[in-house]
Structure formats: structure tokens, C-alpha cells
Amino acid sequence: MKFIKREGENFVLHIGKRKRPLLFEVLKLYPLVPAAHHRVSQTAKQMDEHQTLLEEALAERRQENKRQLVAMLHEEQRFKETDTGYRLTLSAPQMEWLLQVLNDIRVGSWLILGEPDEKKGKPVALTSENARHYAAMEFCGLFQMTLLDAVEHRR
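As C-alpha cells, this is what we get:
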């Protein structure tokens with residue numbers, strides 16, 4: 285994947301033929317971060333009443349994001365086939381939104397993997413059950429870097 289150019293307010297990216305199905309599979313994982321991971325407060329009294337409201341709001345937002353994600357992926361003009369892959373065109377708000385979705389998948393995968401941190405001596409304990417999440421975490425990171433690079437070219 286790489287940033288190609290700006291067309292007006294839109295960003296045009298290239299995604300290879302083999303990477304497109306991978307992107308679709310990874311995006312199917314959304315949402316991954318458990319709603320309970322987001323905390324309103326550390327005090328028990330406030331936490332119970334406000335935490336429920338937060339989790340309900342997050343659930344609604346995630347349902348809407350999932351609906352938008354499915355709609356976007358199935359738009360005929362979203363991915364235009366080329367000789368070497370596909371041209372993916374996104375507006376600035378779509379880029380921001382996709383970055384948020386990818387971040388949820390990346391962080392959720394990291395949580396599922398047990399919050400590994402090589403610098404702190406806590407490597408990934410890779411198994412056949414969690415390998416998919418390791419791949420998703422890495423792929424999302426790569427795609428996020430590509431999108432952020434495209435946004436940086438805008439400035």
C-alpha cells in the first residue's frame with residue numbers, strides 16, 4: 285500500500301491485488317477493543333453509573349461504524365482496479381474514520397495478545413489461536429502509517 289496523490293480534497297492510495305482481500309478480512313474484525321476497556325472514572329461510585337452510559341454510547345457508535353464500514357467496502361467505485369492492484373480513494377473525513385477503525389483493531393489485537401512489549405521484555409506469545417491477531421495488528425499498523433503519511437503530504 286502506498287499514497288499516490290491528492291485529487292482535490294480526496295486521497296488516492298494504491299493497494300495491491302493480494303492486499304485488498306487481506307484488508308477486507310482485517311476490517312471484519314472490527315470492533316475488537318472491549319467497551320469495558322474504556323473507563324470513565326477510577327472511583328467506584330461514579331464508575332458504575334457513568335460506565336454503563338459510556339458502554340451504551342460506544343456500542344451505538346460501533347454499530348454505526350460497522351454499518352458504514354460494510355457500506356464503504358461494497359461501494360463499486362471505492363476500489364478501482366488497475367493492472368497492479370486497486371486505486372482506493374478516500375476523503376479526509378473517511379481517512380480519519382478509517383484510522384479510528386484500524387486503531388481499534390490494532391489495539392484490540394494487542395489486548396488479545398496480552399499487551400506484549402518487546403522493550404519491557406514481554407514478547408508476543410504467538411500461538412495458532414492468536415496468530416491472526418498478531419497479523420492484524422501488524423497490518424493495521426502498516427496501513428495506518430500509509431494513511432498518516434498521506435495526511436502529512438497534505439500539509
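Mapping to this note's numbering: the sequence shown position 135 is 419, numbers consecutive. Backbone N, C-alpha and C define an ideal beta-carbon position, used for all residues, glycine too.
Limits of the alpha helix (DSSP H) - the one that Lys-406 falls within: No alpha helix (DSSP H) contains Lys-406, which DSSP labels as neither H nor E.
Cα-Cα separation, Thr-411 to Lys-312: 21 Å
Cβ shell of Pro-400 (< 8 Å), same chain only, five flanking positions each side left out: Trp-394, Lys-406, Pro-407, Val-408, Ala-409
Nearest neighbour of Leu-372, chosen from Val-385, Pro-315, Phe-427 [CA to CA]: Phe-427
Where Leu-431 falls, given that 16 or more other Cβ within 10 Å makes a residue buried: buried
Collapsed DSSP secondary structure at Val-317 in the structure displayed: coil
4-residue-minimum alpha helix (DSSP H) runs that sit fully inside the region 287-315, ordered along the chain: 303-311
Residue interval of the beta strand (DSSP E) (run including Arg-371): 369-375
Local Cβ density within 10 Å of His-354, reported as buried at 16 or more and exposed below that: What sits at residue 354 in the sequence shown is Val, not His. Exposed.
Residues that DSSP places opposite Glu-365 in a beta bridge: Tyr-370
Meets three-Cβ-pair contact criterion under 8 Å: the region 372-386 and the region 290-304: yes
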